[in-house]
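> Please read through the structure below; I'll follow up with questions.
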Amino acid sequence: MPIRWHALPLLFLSAIAPSLANPQSFENTAIVRTVELGGAIVHVTTTYAVKATQPGSKVYTIALGLEEKQKTSWYEVKVKGQQVVLPVSEQILDADRNYHLMDVTLPKALGVNATLNLVLETIQTHATTPWPKQASQKEDQALKYQTDLFVLSPYRTSVQRTKLKSLTPRIISFTTPENVQDFTLDIPATKSGATVTYGPYNNIPPSANEKFISKHQQPITVHYHHEQPVLEVLKLTRAAEISHWGANLNIQDNIVLHNAGPTLKGHFSRLEHQSQSYFKRAAPHALAALTLHLPAGIRNTYYYDLIGNVSTSRLRVAPSVAKTSRANRYSILELRPRYPMMGGWNYSFTLGWDAPLEDSASWDKSTGKYIVEVPIMTPIPGAVVDTAEVKVILPEGATDVEFVPPFPAVANWISTHTTYLDSVGRPELTFQYKDLTVFHAQNIFISYRVPLAAHLTKPFVVAAAFFSLFALAIVGRRINLTINKEKVL
Amino acid sequence: MPTAYPLPTNLSPATVANTASLIRIVALCLISGAAIASRLFAVINFESIIHEFDPWFNYRATRVLATKGFYEFWNWFDPTAWYPLGRVVGGTVYPGLMATSGVIYNLLHAINLPVDIRNICVLLAPGFSALTAWATYMFTKEMKDASAGLLAAAFIGIVPGYISRSVAGSYDNEAIAIFLLMFTFYCWIKALKQGSALFGTIAAVFYFYMVAAWGGYVFITNMIPLHALVLILMGRFSSRLYVAYSSWYAIGTLASMQVPFVGFQPVKTSEHMAALAVFGLLQIVAFAQLVRSRVSSRQFQNLLFAAVVTIGILGTFAFGALTYKGWIAPWTGRFYSLWDTGYAKKYIPIIASVSEHQPTAWPSFFMDLQFLIFLFPAGVFLCFRELRDEHLFVIIYAVMASYFAGVMVRLMLTLTPVVCVASAVALSTLLDTFVDPTEPDIAEEGKSESGTSTTSTAAPGANGSTAAATKKSKKAAAAAAETTSTLSHLLAATKKEGLANPKGIYGLDTRLMVIFNTTCLLAFFVFHCTWVTSSAYSSPSVVLASSNPDGSQHIIDDFREAYYWLRQNTPEDAVVMSWWDYGYQIAGMADRPTLVDNNTWNNTHIATVGKAMSSSEEVAYPILRKHDVQYVLVIFGGLIGYSGDDINKFLWMVRIAQGVWPDEIQEPNYFTSRGEYKVDENASPAMRNSLMYKMTYYRFAELFGGGQAMDRVRQQQMPKVGPTLDYLDEAFTSENWIVRIYEVKKEDPLGRDLKSANAFAQGKKRKRTKPVSRRRALVS
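These protein sequence lines map, in sequence, to chains A and B. Taking UniProt numbering, the leading residue of the first sequence gets 1, the next gets one more, and so forth. Taking UniProt numbering, the leading residue of the second sequence gets 1, the next gets one more, and so forth.
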């Protein structure tokens, strides 16, 4: 699924973009791609050492293979050593081309021979496949990762390297590329410890074109052991309810968790599992517990599933932190599913908590509006969220609702939500996302106005209801409906 | 007029009445609060969860009702129960409970209170217990006075005999039925007292509600006619009785026939015939009364004689003919088992296998009722003293319910209300006597009679001179204004006869002693109730609790672990076979089709499961495959000592299977030659080869890593080499091994039987072990 949001405001730009990708304007003195192999998430860092060959070059074009582009759920371009994210505009995806171009606007135009190091970070999801597809409880978990040999670029490249790093030095196999004598005379791929290095490959012509791709581009595969379970959240539904009367931000996540590692071969044997955990040799594809970082200062945390409370978890609550302080403090939740999750198993549950509203909300005096930040998700380490739906429920009577998501949603809309003691209902904002990772755990900012009258509606309605109830009782007790006043037999 | 303690004199009757009314309301509110609060142990100690077995079905049905609406529920055919037969739920269920929750759910949602349906179901029973307390108050008020009513309400609010079936989460028919029972009886008494067709109709409406809610409605169906019959036989026939009974019976019966599950039973089955017969009898008696008022007594006697003979003969013939033709169904088995406790064990083992159908043990009377069981006869005796029409009702109720409670544990529930009522009458009489400040007047004997009534009118306002007296007087005071206590009547009566030594209570000391004693009894009762409720009746049985070494609570959640595993990781149409006890839970929590469940309507189907469990793998396998069984679930408590497991229930499976296949399954085969029920090395071959045994102990011995395996429930040492399985495969075992799930293997693709296929697959191993086994064979 291609990421569309960057394309939206820049559609018109991309129409003229191809003309900017002038192959003469830059040259890559070196490209180093580092792939950190993981389970559900693969982190790719590509460093481009760029040299300008024409004066005033300001737009640098990055190319991604089509498949790579589809796997990428998040990317960011920075100048090496700087924090500022550079603006990127995507060129229109052309179905006929099997590569994809993105234009990066450099912080300042480069003069001739001026150099710059650009860093492209991407997160790939669903990029690995378990192989073998089935593993018994005693067996290890091995994954396969496939990528292209060359980093494409519309410019000439002097030297190029690709490093694939696994978390453990247990790499089972890797592809040795063929027909690369044009670029190197050494061994095209080497392995040392947990790293497989492809290259260096020298003097690569502009590669973002059909000719180069069909002639030289080839897939490479690494087969490696992975010692953590591969987790996927099939569906995350988050409801964040803001209550001004309770000074409370309630967050509730419905999570459908799936172990996307190799499916369990044969059947689950408790005996096996117990002896494994007794000897501390747990199967790498079995998930016994998860550690989640929840916000500091939370109360009333609950964890249940469709059939009731799950009592097998521990929570250490950190005290609330002031909004201004930079300290990162978390409550730690050790969450255990009802049963150990073997490969291919599912587990759905609900996790929720109350957080003090003052930790995430503030009142803007100048505009008279409240501003609330709501996190899109609580990161589950190493897991990818396939689809997410975030609902933010504002207080009853909130008006002038404005919101700024950290990145555009696949879809979003406003509806009405009615809950306890409501008379007219509350505005509810819904955002839908796809393929979220730890890097997407950012905040949605929402501002709204709540008039005093809206604040007072609730107690007034409740008081009126009780008053009418008592009034009815008072009247009812004093009405005599007896027709016949005489005593019956 | 001497009094034991000073009474205020400056209170107007209106003030007294208003204060009494306020105190009554406050007392009733507190009683309701106590009744609800004492049922919340389960929610506080565990969580808001549906308990046990049947409530899971009710909960599931309620969810269908709440999400899909009433008509959908009415026409609900559940294909997942009793696979492959299915179950017409709408027509085989008492819908009152679900309808009540559904109405509450929709009402709350209509006023924007989106309460979860589960919480409504969990809290329904405590909520209705508050209503029961109120209904009991109204009922007892008719028997004696409001002070007795308040006592009765307090008793029923916290008495364990009722709490046992109405704790939060015990979402069963009884939860609302006891309220309906008491309220119907109250309306009946009221109708009878006033001869009111209105109250008769209200009684009929609540009777209909009761019919829709609980199978125990038959109790009302027979209690009211019995009361009417006794009244007629005692010569107490009146137009009031006629109006009350006729309006109740006519409307109630017609209404009750609207419940699909009941249908035409009220006119077709023997259990309902008594009501019809009394209805007929009442018409005849009323007609006779009418005739008697019109004709001379001589003619009337002739007429009466002729009529009695003809009607008697005709009636008997008609009844016999109807029964013979099958129009009237004979008594059902459950009914017979009420009269002959051994009946069920012989003919319907399914009924006998349920623990709550066992006869009541004596200690459980004390456990469930505590000191009320001693006060109960006194209360019944006091009813005899007055013996108005309504007292007769309590007496009959007491006799019938005592018998039934002795026969079946679960019928303790119907006894509890009458025990509360009678005890409250007794206790309040006692308190009335000793709180009443009147002292017998030796000097002015003549005046004392009038004095009694005036002082007791003033008594309510009395600020008792001592603390102990205040507490009691508040309760007792409430209605002392209306009736003077029985005993003071008695006193007055004896005085009238002008005995030389007037009887009565002198001074404060006697009074204080008795009142103190009573207060202590009541206090102990409260402690007892709280203790019994928290320790015996508040466990959800789905979740087990034990304690960690440091004293904190440790939850054993194996059932839900396994059910949730089934729900999340098996195909939605995977049929799960288990013993019927777990059918409702599997349907409710795992959401998977089951072969049999707690609605034990098809004995053969249950016996089929029993047969599969108790025969060897080779025999069971075709049965499993024919029923599309994919998973088999067994409960095993041997690892942590959970005694309610399947091996302990196993003999019932054998018995039930034997009832249908006496040639194939024989109970004695499952005992050792010495007649012991063993699972260790001495277990009989039939036992050791049974599917149940194999599934229970599969790989159990390996868990002990070479040590001696021990079954902690039966305290027997297991053989070192456990059973092997050829036709099934272990699919899941919960953390403490309580729930074990096995998958039924598909037929071998090469057409071999699975045993030889397995042997082939393990070929190498087998060869190596073969010489060993041969040598062993030679030795033996």
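Every residue gets a Cβ at the ideal spot worked out from N, C-alpha and C, and that includes glycine.
Do W248(B) and G200(B) have their C-beta atoms within less than 8 Å of each other?
Yes, the pair counts as a contact, with Cβ atoms nearer than the cut-off.
> With a threshold of 8 Å between beta carbons, is W134(B) in contact with chain A?
Output row for W134(B): interface = no.
> Measure the C-alpha to C-alpha separation of L101(A) and T457(A) and round it to an integer number of angstroms.
Roughly 55 Å between the two C-alpha positions.
> Pick from S147(B), R655(B), Y584(B): whose alpha carbon is nearest that of L430(B)?
The candidate whose alpha carbon is nearest that of L430(B) is S147(B).
> Mind checking N113(A): buried by the 16 CB within 10 Å criterion, or exposed?
Exposed, since its Cβ has fewer than 16 Cβ neighbours within 10 Å.
> Buried or exposed: R60(B), going by 16 or more other Cβ atoms within 10 Å of its Cβ?
Its Cβ being crowded by 16 or more others within 10 Å, R60(B) is buried.
> Can you grab the Cα-Cα spacing for the pair V721(B) / F636(B), in whole Å?
Whole-angstrom Cα-Cα distance: 18 Å.
> Who pairs with T195(A) in a beta bridge, going by DSSP?
According to DSSP, T195(A) bridges with K165(A), S192(A).
> What are the boundary residues of the beta strand (DSSP E) that includes P295(A)?
290 to 295 is the span of the beta strand (DSSP E), which, as asked, contains P295(A).
> Give the residues of chain A in contact with P114(B), contact being defined as C-beta atoms less than 9 Å apart.
By Cβ distance, chain A contributes T418, T419, Y420.
> With which residues is N443(A) paired in a DSSP beta bridge?
N443(A) pairs with P375(A).
> In whole angstroms, what is the alpha-carbon distance linking Y48(A) and K165(A)?
Their Cα atoms are separated by approximately 19 Å.
> Let's see if you can read the secondary structure: which residues bound the alpha helix (DSSP H) around V74(B)?
Note that residue 74(B) corresponds to Trp in the displayed sequence, not to Val. Looking at the DSSP string, the run of the alpha helix (DSSP H) that includes W74(B) is 70 to 74.
> I think G39(A) touches L231(A), with their Cβ atoms under 8 Å apart; what is that distance to the nearest whole Å?
Confirmed, Cβ separation roughly 7 Å.
> Using a Cβ-Cβ cut-off of 8 Å, state whether Q630(B) counts as contacting chain A.
No, because no Cβ of chain A sits closer than 8 Å to the Cβ of Q630(B).
> Kindly indicate if chain A contains any beta-carbon less than 8 Å away from that of E390(B).
No - not a single Cβ of chain A is within 8 Å of the one on E390(B).
> Would you check if there are 3 or more beta carbon pairs closer than 8 Å linking the stretch 232 to 244 of chain A to the stretch 187 to 201 of chain A?
With a cut-off of 8 Å, the stretch 187 to 201 of chain A and the stretch 232 to 244 of chain A do not count as touching, because too few Cβ pairs lie within range.
> What whole-angstrom Cβ distance do H226(A) and L143(A) have, given they're in contact under 8 Å?
Confirmed, Cβ separation roughly 5 Å.
> Should E730(B) be flagged as near chain C, meaning a C-beta pair shorter than 8 Å?
In the structure shown, chain C cannot be found, because the protein chains are A and B.
> Using the rule of at least 16 other Cβ atoms within 10 Å of the residue's Cβ for burial, across every protein chain shown, is Y742(B) buried or exposed?
Buried, by the Cβ-count rule.
> List the residues of chain A that R699(B) touches, going by C-beta distances under 9 Å, in chain order.
Under the 9 Å cutoff, chain A gives S269, R270, L271.
> Name the residue from D78(B), T80(B), T9(B), R39(B) whose alpha carbon lies nearest to the alpha carbon of C529(B).
The shortest Cα separation from C529(B) among D78(B), T80(B), T9(B), R39(B) belongs to R39(B).
> Could you give the distance in angstroms between the alpha-carbon of Q283(B) and the alpha-carbon of G215(B)?
C-alpha separation (whole angstroms): 28 Å.
> Determine the chain A residues that contact T733(B) at a beta-carbon separation under 8 Å, and present them in chain order.
Chain A residues near T733(B): F268, S269, R270, L271.
> Along chain B, in chain order, which residues have C-beta atoms closer than 9 Å to that of G368(A)?
What G368(A) touches in chain B: nothing, since even the nearest Cβ is about 28 Å away.
> Determine the direct distance from the alpha carbon of A177(B) to that of R165(B), and round the result to whole angstroms.
If you take the alpha carbons of R165(B) and A177(B), they lie about 11 Å apart.
> How close, in whole Å, do the beta carbons of F77(B) and A135(B) come, if the pair is a contact with beta carbons under 8 Å?
About 36 Å; that fails the 8 Å criterion.
> Taking a contact to mean a Cβ-Cβ separation below 8 Å, would you say R281(A) touches T733(B) in this structure?
Taking 8 Å as the Cβ cut-off, R281(A) and T733(B) do not qualify as a contacting pair.
> Rounded to whole angstroms, what's the CA-CA distance from R240(B) to A401(B)? Just pull it up for me.
So the alpha carbons of these two residues sit roughly 26 Å apart.
> What residue from I123(A), D186(A), R156(A), T190(A) has the CA that sits closest to A208(A)'s CA?
Measuring from the Cα of A208(A), the nearest candidate turns out to be R156(A).
> M210(B): which of V167(B), G169(B), A191(B), M257(B) sits nearest, CA to CA?
For M210(B), the nearest C-alpha among the options comes from M257(B).
> For T105(B) and V399(B), what's the separation of their Cα atoms in angstroms?
Looking at the sequence shown, residue 105(B) is not Thr but Tyr. So the alpha carbons of these two residues sit roughly 39 Å apart.
> Taking the C-alpha atoms as reference points, what is the distance between A286(B) and Y242(B)?
The alpha-carbon atoms of A286(B) and Y242(B) are separated by roughly 7 Å.
> Which two residues bound the contiguous beta strand (DSSP E) that contains T34(A)?
First-last of the beta strand (DSSP E) with T34(A): 26 to 36.
> Identify every run of the beta strand (DSSP E) within the UniProt domain "AglB-like core" (564 to 634) of chain B, keeping only runs that are complete inside it and at least 3 residues long; order them along the chain.
Counting whole runs of 3 or more residues, the UniProt domain "AglB-like core" (564 to 634) of chain B contains the beta strand (DSSP E) stretches 575 to 577.
> Report yes or no: do three or more beta-carbon pairs, one from the stretch 400 to 419 of chain A and one from the stretch 436 to 443 of chain A, lie closer than 8 Å?
With a cut-off of 8 Å, the stretch 436 to 443 of chain A and the stretch 400 to 419 of chain A count as touching, because enough Cβ pairs lie within range.
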